[in-house]
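Numbering (the numbering used here), first residue to last: 223 to 393. By construction, the Cβ of each residue, glycine as well, lies at the ideal position given by its N, Cα and C atoms. This one's a predicted model, so the numbers in the text were calculated from it and none came from an experiment. Heads up, the thing below is written out as structure tokens.
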Amino acid sequence: MYKKLALVIYYGIISHLPHSRYISLTRNIRVWYVSKVLKFIPDRKNSFIENNVYFSNGKNLKIGTGCQINENVFIQGAYIGNNVLIAPNVSILSMSHNYQNTEIPMVFQGETLPNPPTIEDDVWLGRNVVVMPGITIGTGSIIGAGAVVTKNVAPFSIMGGVPAKLIKSRK
């Protein structure tokens, strides 16, 4: 019950506090709330959360320290490492729709079981990236703007495109 009420307060008030790169008060309130009340971040040091970040129901969600999450990000569930940069309008998915039975409309087939992606330390997700369920993005990787990540990403990879493909390695 506590978690549900805390999420209602977050979505009703905290997530809508104005965005300002010049006034850190609203950003600090959001990070404090996500760290101390929702308990998604163990240590809020060097963490930033901008406005309109959606954490779904908060299940299957852990966020490391030093992460920067920009505005309009949707996180359905994920394990996010330390020092991760998430640009605006990123979607991180942990579930999808069932579609196997062609005799039943997909809208009535329900959702898959949660399979949260893992985003390891020091990853940068560019603007409008989509991370599909169950994916692991390796340490030090960069995912270019607009990419759709459908397969695991090796550490220190630079990926881009739809679906995301290796552009080059950082090592």
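Taking the continuous alpha helix (DSSP H) assigned at residue i, which residues delimit it?
i: residue 251; result: 247 to 254
i: residue 301; result: Looking at the DSSP string, residue 301 is not in any alpha helix (DSSP H); the run it does join, the beta strand (DSSP E), is 300 to 302.
i: residue 234; result: 224 to 234
Does the Cβ-Cβ distance between residue i and residue j come in under 8 Å?
i: residue 388; j: residue 354; result: no
i: residue 358; j: residue 337; result: no
i: residue 276; j: residue 308; result: no
i: residue 332; j: residue 323; result: no
With residue i and residue j assumed to form a contact (beta carbons below 8 Å), what rounded beta-carbon distance in angstroms separates them?
i: residue 360; j: residue 377; result: 3 Å
i: residue 214; j: residue 312; result: Past the boundaries of the shown model lies residue 214; the chain is included only from 223 to 393, so the question cannot be answered.
i: residue 229; j: residue 279; result: 7 Å
If you follow the beta strand (DSSP E) that residue i is in, where does it begin and where does it stop?
i: residue 335; result: Where residue 335 is concerned, there is no enclosing beta strand (DSSP E), given that its DSSP letter is neither H nor E.
i: residue 283; result: 283 to 285
i: residue 394; result: Since the first residue of the chain shown is 223 and the last is 393, residue 394 is not available in this structure.
i: residue 269; result: That residue, residue 269, is in no beta strand (DSSP E); it is neither H nor E in DSSP.
Inset, instruction - Indicate whether the contact test is met: 3 or more Cβ pairs, each with one atom in the stretch 279 to 286 and one in the stretch 298 to 309, closer than 8 Å. - result: yes
Legend entry - Segment contact, 8 Å Cβ cut-off, at least three pairs: the stretch 252 to 264 with the stretch 230 to 243: Judged by Cβ distances under 8 Å, the stretch 252 to 264 makes contact with the stretch 230 to 243, as three or more pairs qualify.
Inset, instruction - Starting from the N-terminal side, write out each stretch of the alpha helix (DSSP H) that is 4 residues or longer and does not extend beyond the stretch 292 to 374. - result: none
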